[in-house]
Amino acid sequence: LRIAEENLGQGAFFLPRGISDDLPRTLVAGSFYHPDSDWIFLVYNDLSFILVPLAESALITALVGTSALVLASIAVAAAARRISEPISHLTETVSRFGKGEGAIRSAIAERGEVGILSAEFNTMADRIETFTRDLEDRIEERTRELESSVEDLKIAQDQLIESEKMAALGGLVAGFAHEINTPIGVSVTALSSVQYAAESALNMLSGKDVSRSELMAALEQVVSASSLGEANLNRAGEMVQQFKQVAADQIFEERKEIDLRQFLEEIIETLVAILKPARVQVVIEIPEGIRLRSYRGVLWQVLSNLARNSLNHGFAGKPPESAGFSHQVTLIYGAEDGAHVLYFCDNGPGIPAEHIDRIFEPFFTTRRDQGNTGLGLHIVYNLISQKLGGHFSYVPPDQRWQSGRPALPAKGACFRILLPADPGHSAINPSADLT
2 LRIAEENLGQ GAFFLPRGIS DDLPRTLVAG SFYHPDSDWI FLVYNDLSFI LVPLAESALI
62 TALVGTSALV LASIAVAAAA RRISEPISHL TETVSRFGKG EGAIRSAIAE RGEVGILSAE
122 FNTMADRIET FTRDLEDRIE ERTRELESSV EDLKIAQDQL IESEKMAALG GLVAGFAHEI
182 NTPIGVSVTA LSSVQYAAES ALNMLSGKDV SRSELMAALE QVVSASSLGE ANLNRAGEMV
242 QQFKQVAADQ IFEERKEIDL RQFLEEIIET LVAILKPARV QVVIEIPEGI RLRSYRGVLW
302 QVLSNLARNS LNHGFAGKPP ESAGFSHQVT LIYGAEDGAH VLYFCDNGPG IPAEHIDRIF
362 EPFFTTRRDQ GNTGLGLHIV YNLISQKLGG HFSYVPPDQR WQSGRPALPA KGACFRILLP
422 ADPGHSAINP SADLT
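Each residue of the sequence shown is one higher than the one before, starting from 2 at the first, in our numbering.
This is the structure we're talking about:
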């Protein structure tokens, strides 16, 4: 009744569990009050016959839904695994192929997108392998062609060097023949004078009247002419010996110990002969006692080529200002990091800045119309770097006053020849290249 009173104004309500132990909470009740009799009437219905089947149906539905969800999860996992495993396999195959395993191929043969990707990958890999094989064959063929071309170029370079060497030797012969004519001519003249004086003395002695003064004058003329002839013949002999030494150095290239100053004094006459058309004075600023092991013939060829370069470019068409030899070539010695450095400088106009980067290129010349081939400095560069194991460079005017370097002429062309102190080690120093 208490529950009914509390719910009188609420219409129908569920009776809570506990009113009766055997009554579940499935009773729905309604109440109303009769004032005349002061009675409260309760009306209820049992809904268990409706709610229990509904509850059982909900349980079944839940069980079915859960089963369906589990089955769907299993199906999705299986499908994902079926897709992910081939993709992982294909990914690994592609990765190994990219790392250099050119023979690897995908083993996936199933249908679908992954199978199509696998087939396309295999086709691409076959094409790449074929292309790589063809490319390797072409590279090998081109390499053989390049090696053959390099060998031909080396042969041509050797021939050019030999021809340049023979040209230098020919120039030396011509200069030697011209130079030796002077002492031999003087000697011939002196011998003629000796013969004339001797004949005069004999005539005096065979005559009746012999003047002592005249006889002494004739004998003095004999002595003087003999001395002059002897000196010039000795000079000619020295020139022949120098020529023989230079010619032998050109033919028999053997590394020898060289006293640098003495060597330059021996070949200075040949350099003077080369530079004679421009009346060039050769100055040697080399201290005594500088010794190195090198090839005399190659070093002579380097200096003679540089002398001809100065003659053709530094002094061409420019006569000296006076008989005081205003044209000058200077050989200067310096030492850098234990290596020998020889500077060859002239006082000509120098090399224009726009040409400095090209002066060692083969066949580059600004005087092709004068018959120059443009090989002189290129051959010098190769001789120094390959044969002498040194380094050859041009010193621009703005770099001739660096600390640790001897004073170099501010005007004209100046070349730097770096030669190794130890012939077993190269003196090439790319960082010292001033070109």
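Don't be surprised by glycine CBs; every beta carbon is placed ideally from N, CA and C.
Of all the options the options, which has the alpha carbon lying nearest to the alpha carbon of residue i?
i      : options                        : result
GLU337 : HIS356, GLU286, LEU420         : LEU420
GLN387 : VAL299, LEU154, ALA226, THR133 : VAL299
ASP159 : HIS356, ALA408, LEU376, GLY66  : LEU376
ASN306 : PRO350, GLN400, LEU384, SER295 : LEU384
THR131 : GLY103, VAL65, VAL151          : GLY103
LEU343 : SER212, CYS415, GLN196, GLU141 : CYS415
PRO184 : ALA237, ILE275, LEU64          : ALA237
ARG297 : GLU255, LEU332, SER38          : GLU255
ILE275 : LEU293, LYS257, ARG292, TRP301 : TRP301
ARG406 : GLY391, ARG368, ALA340         : ALA340
ILE460 : THR271, THR62, LEU206, ILE117  : There is simply no residue 460 to check, as the chain begins at 2 and stops at 436 in what is shown.
ILE437 : THR144, LEU70, ARG401          : Any property of residue 437 remains undetermined from this structure, which presents the chain solely from 2 to 436.
VAL283 : GLY351, CYS346, GLY101         : CYS346
ASN123 : ASN204, ARG134, PHE98          : PHE98
LEU265 : GLU231, LYS257, LEU304         : LEU304
ILE88  : LEU70, LEU72, SER107           : SER107
HIS328 : GLU121, VAL273, ALA78          : VAL273
LEU161 : ALA73, LEU389, PHE364, ILE357  : PHE364
GLN196 : ASP358, GLY230, HIS356, ARG143 : GLY230
In this structure, what does DSSP give as the bridge partners for residue i?
i      : result
ILE259 : LEU293
VAL392 : Correcting the residue identity first, residue 392 is His in this sequence and not Val. LEU419.
HIS341 : ALA336, LEU420
ASP347 : VAL330
ILE285 : LEU332
How many whole angstroms separate the CB atoms of residue i and residue j, which I take to be in contact at a CB cut-off of 8 Å?
i      : j      : result
GLY349 : GLY413 : 5 Å
ALA308 : VAL330 : 7 Å
ILE105 : THR94  : 6 Å
HIS379 : PHE361 : 6 Å
GLY101 : ILE109 : Actually they are not in contact, since the Cβ atoms of GLY101 and ILE109 sit about 21 Å apart, beyond 8 Å.
PRO398 : ALA408 : With 8 Å as the limit, PRO398 and ALA408 do not qualify as a contact, their Cβ atoms being about 13 Å apart.
TYR395 : ILE352 : 7 Å
ARG368 : ASN310 : Rounded, the Cβ-Cβ distance is 10 Å, inconsistent with contact.
LYS257 : ARG294 : 7 Å
GLY390 : ILE418 : Their Cβ separation, rounded to whole angstroms, is 12 Å, which puts GLY390 and ILE418 out of contact at 8 Å.
So that I know if they touch, is there some Cβ in chain C lying closer than 8 Å to that of residue i?
i      : result
ASN348 : Chain labels in this structure do not include chain C; a single protein chain is all it has.
Check whether the Cβ of residue i sits closer than 7 Å to any heavy atom of the ligand GTP, and report yes or no.
i      : result
ASP159 : This structure lacks the ligand GTP; in fact it carries no ligand of any kind.
Tell me, please, whether the stretch 257 to 270 touches the stretch 282 to 297 by the rule of three or more beta-carbon pairs shorter than 8 Å. Note that the stretch 257 to 270 touches the stretch 282 to 297; at least 3 beta-carbon pairs, one per stretch, sit closer than 8 Å.
Contact between the stretch 127 to 137 and the stretch 149 to 157: three or more CB pairs below 8 Å? With the cut-off at 8 Å, the stretch 127 to 137 and the stretch 149 to 157 do not touch.
Inspect the CB distances between the stretch 188 to 200 and the stretch 221 to 235 and report whether three or more fall short of 8 Å. yes
If contact is defined by three or more beta carbon pairs under 8 Å, each pair taking one atom from either stretch, is the stretch 310 to 317 in contact with the stretch 270 to 286? As far as the Cβ criterion goes, the stretch 270 to 286 touches the stretch 310 to 317, which means the pair count is three or higher.
Contact between the stretch 194 to 201 and the stretch 213 to 222 (3+ Cβ pairs under 8 Å): Between the stretch 194 to 201 and the stretch 213 to 222 there are three or more inter-stretch CB-CB distances shorter than 8 Å, so the stretches are counted as touching.
Starting from the N-terminal side, write out each stretch of the alpha helix (DSSP H) that is 4 residues or longer and does not extend beyond the stretch 103 to 162. none
Give, in chain order, every unbroken run of the beta strand (DSSP E) that is at least 3 residues long and sits entirely within the stretch 185 to 249. Within the stretch 185 to 249, no complete beta strand (DSSP E) run reaches 3 residues.
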